[in-house]
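In the working numbering, the protein residues as written are 1 to 434. A virtual CB, placed ideally from N, CA and C, is assigned to each residue, including glycine.
Quick look at the structure:
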């Protein structure tokens with residue numbers, strides 16, 4: 001009986017250290033253990049992890065090399081810490097910038113005061129097969145407390161994202177404007193990258209104050225009238241685009257110049273950070289060619305009937321390589337023909353005359369026709385100006401019938417003259433006989 005009591009007492013005595021040790025939270029080997037899954041109270045608290053520097057997050061895409069990766073911590077302890085050194089563990093597809101077999105290390109440049117934040121910036125390579133998605137990671141931080149010997153260690157698990165990289169470009173779908181008139185222009189804003197952008201807002205910087213800090217090559221935008229100045233085009237997904245429209249009036253003195261319209265584009269990137277970038281849309285300003293066709297009719301020159309008319313250019317640019325074509329409409333059998341008239345200068349009427357020919361037997365009376373003026377502007381773009389009208393073709397007189405009619409008129413006159421001569425002779429004889 002006594003031996004049983006002694007055995008129980010010894011068992012309790014030997015087991016008590018294990019019971020006491022598991023009954024209280026303890027800090028072992030520096031206070032943090034060796035596993036990232038342990039969550040004891042410690043001095044270092046993880047805050048954030050992202051690609052970029054402490055001052056600015058950046059977008060990255062698969063295949064990028066030597067990219068900064070920053071992990072931010074808070075010193076939540078009651079003492080300052082020093083000798084901060086970090087080691088980063090990332091999944092397959094991410095490696096150190098020093099080489100695929102190297103450990104990803106980073107050191108802090110300064111101490112961290114109690115209650116302050118500090119950061120570690122690592123440099124990593126992304127494999128080209130990496131996907132744009134979220135990934136897990138682990139960071140190990142070694143540090144020492146001031147006025148304390150030994151090294152403490154903290155492990156933190158986190159997630160981070162390969163965001164993709166947004167790339168914004170702008171261009172005019174039609175890069176030509178015409179002076180002396182209102183132009184409807186379409187500007188395409190495209191995201192040629194791999195990351196989406198959101199809440200895209202665009203402002204046209206066309207005032208003297210806004211242009212004060214820009215180069216002289218863009219100041220000619222002050223001489224044009226842009227009716228719209230702000231556009232909200234929403235989100236733009238990767239490899240897609242959105243269009244904005246603007247109404248622009250260009251004065252005559254900018255003919256032949258390049259108009260540069262500066263745009264300020266504000267958007268939120270894949271990190272949720274707001275950014276503003278400046279882009280310029282270029283336009284070439286053409287002269288205005290304003291043609292009018294008038295006084296179209298039919299005249300007879302010699303033995304040939306001609307379709308004639310006038311063309312006037314009321315713009316500020318000469319039309320080049322001009323042609324006039326005549327073609328029938330409806331039941332007309334007038335033969336289609338062309339005439340080269342060369343340049344059509346401004347404020348100077350240019351006549352045209354096209355011989356009138358028929359397909360088959362001539363048809364006289366009214367004919368519906370179309371006059372088309374074909375020309376090129378100063379950028380060698382071919383332009384067509386159609387003009388539809390009705391002409392009247394008279395039947396020409398027959399020469400033989402005219403001669404017969406003349407004889408018919410002359411014979412009675414001759415007879416009358418002969419009768420008059422005979423009558424006068426008889427009277428003269430009667431007078432002489434008396």
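Just the C-alpha distance for residue 235 and residue 190, rounded to the nearest angstrom, thanks. 11 Å
Put residue 221 into one of helix, strand or coil per three-state DSSP. helix
Buried versus exposed, by CB contacts within 10 Å (16 or more), residue 348: exposed
Is the beta carbon of residue 364 closer than 8 Å to that of residue 314? no
In angstroms with no decimal places, state the Cα-to-Cα distance between residue 323 and residue 187. Rounded to whole angstroms, the gap between the alpha carbons of residue 323 and residue 187 is 34 Å.
Would you call residue 43 buried or exposed, if buried means 16 or more other Cβ atoms sit within 10 Å of its Cβ? Looking at its Cβ environment, which holds 16 or more other Cβ atoms inside 10 Å, residue 43 is buried.
Does any residue of chain D bring its CB to less than 8 Å from the CB of residue 138? Chain labels in this structure do not include chain D; a single protein chain is all it has.
Opposite residue 274 in the DSSP bridges: which residues? 268
So what does DSSP say about residue 289, is it helix, strand or coil? coil
Buried or exposed by the 16-neighbour rule on C-beta atoms within 10 Å, applied to residue 173: Counting Cβ neighbours within 10 Å, residue 173 comes out exposed, since fewer than 16 surround it.
Roughly how far, in whole angstroms, is the beta-carbon of residue 327 from the beta-carbon of residue 261, given that I think they are within contact range, below 8 Å? With a contact defined as Cβ atoms closer than 8 Å, residue 327 and residue 261 miss out at about 42 Å.
Please check the pair residue 80 and residue 106, which I expect to be a contact at CB under 8 Å, by giving their CB distance rounded to whole angstroms. The pair is not a contact, with the Cβ atoms about 20 Å apart (cut-off 8 Å).
Backbone CA spacing between residue 269 and residue 103 [nearest angstrom]: Cα atoms of residue 269 and residue 103: separation of roughly 31 Å, rounded to the nearest angstrom.
Do residue 66 and residue 97 have their C-beta atoms within less than 8 Å of each other? Yes, they are a contact pair.
Residue 225 burial status per 10 Å Cβ neighbour count (16 or more: buried): exposed
In chain order, each alpha helix (DSSP H) run of at least 4 residues that lies wholly inside the stretch 45–121: Taken in chain order, the complete alpha helix (DSSP H) segments of 4 or more residues contained in the stretch 45–121 number zero; there are none.
Are residue 175 and residue 249 closer than 8 Å when you measure CB to CB? no
Which first and last residues belong to the beta strand (DSSP E) in which residue 135 is found? 134–145
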